[in-house]
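Under full-length UniProt numbering, residues 1 to 124 are what the sequence shown spells out, in order.
Down below is the structure, laid out as structure tokens.
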Amino acid sequence: MLSEKLFRRDGAAKVAEFYRHAFGATLVHMVPVDEKGRTMHIHLHINGSSIMLSDPYPEYGQPLQNPQGYSLQLVVDDIDTRWKRALDAGAEVVMPVELMFWGDRPGQLRDPFGVIWAMNAPAT
Numbered sequence: 001m002l003s004e005k006l007f008r009r010d011g012a013a014k015v016a017e018f019y020r021h022a023f024g025a026t027l028v029h030m031v032p033v034d035e036k037g038r039t040m041h042i043h044l045h046i047n048g049s050s051i052m053l054s055d056p057y058p059e060y061g062q063p064l065q066n067p068q069g070y071s072l073q074l075v076v077d078d079i080d081t082r083w084k085r086a087l088d089a090g091a092e093v094v095m096p097v098e099l100m101f102w103g104d105r106p107g108q109l110r111d112p113f114g115v116i117w118a119m120n121a122p123a124t
């Protein structure tokens, strides 16, 4: 099993709230904020998978750079409903959902924090 952990300078709690609205994330656990207003750990479930979030803690050697070189993918049966939900929450279209020659319907969105989310409805 592989779980992603995203370090967000935008505020991990703010990101978690967006993911709740856009992707139907449910909160599993959240460490209370510290005296500087940072959250060390948030655990979410999205579409049956786990994703972790944290505010940066440079004093613990966690460098923070802008998102680059990755995307997150959601494989869903109801892409039209999920796509609209993400757009309504504030995501922007990178690549619209299209029917591809192999039968899948993929598309890509960018969340307000710069992360690319690929959605795909597999061929039936």
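Backbone N, C-alpha and C define an ideal beta-carbon position, used for all residues, glycine too.
* DSSP three-state assignment for His21, whether helix, strand or coil -> helix
* Asked: Which residues in the same chain have their Cβ closer than 8 Å to the Cβ of Ala76, if we skip the five residues on either side of it in sequence?
  -> Looking at the sequence itself, residue 76 is Val, so the reference to Ala does not match. Contacts found: Asn47, Arg82, Met119, Asn120, Ala121.
* To do: To the nearest angstrom, report how far apart Ala12 and Gly107 are at their CA atoms.
  => 25 Å
* Along the beta strand (DSSP E) that carries Met117, what are the first and last residues, could you check? => It is Trp, not Met, that sits at residue 117 in the sequence shown. Start and end: 116–121.
* Which word fits Glu92, buried or exposed, when buried means at least 16 other C-beta atoms lie within 10 angstroms of its C-beta? -> exposed
* To do: Pick helix, strand or coil for Pro106, following the three-state DSSP scheme.
  => strand
* What is the rounded straight-line gap between the Cα of Pro58 and the Cα of Phe7? -> 11 Å
* Rounded separation between Met1 and Arg105 - CA only -> Any answer about Met1 is weak, because its pLDDT of 48 lies below 50 and its placement is not dependable; what the coordinates show is given next. Each residue's Cα considered, the two are about 26 Å apart.
* Around the Cβ of Asp88, are there at least 16 other Cβ atoms within 10 angstroms (buried) or fewer (exposed)? -> exposed
* Is the beta carbon of Ile97 less than 7 Å from the beta carbon of Ile116? -> Contrary to the premise, residue 97 reads as Val rather than Ile in this sequence. Not closer than 7 Å, so no.
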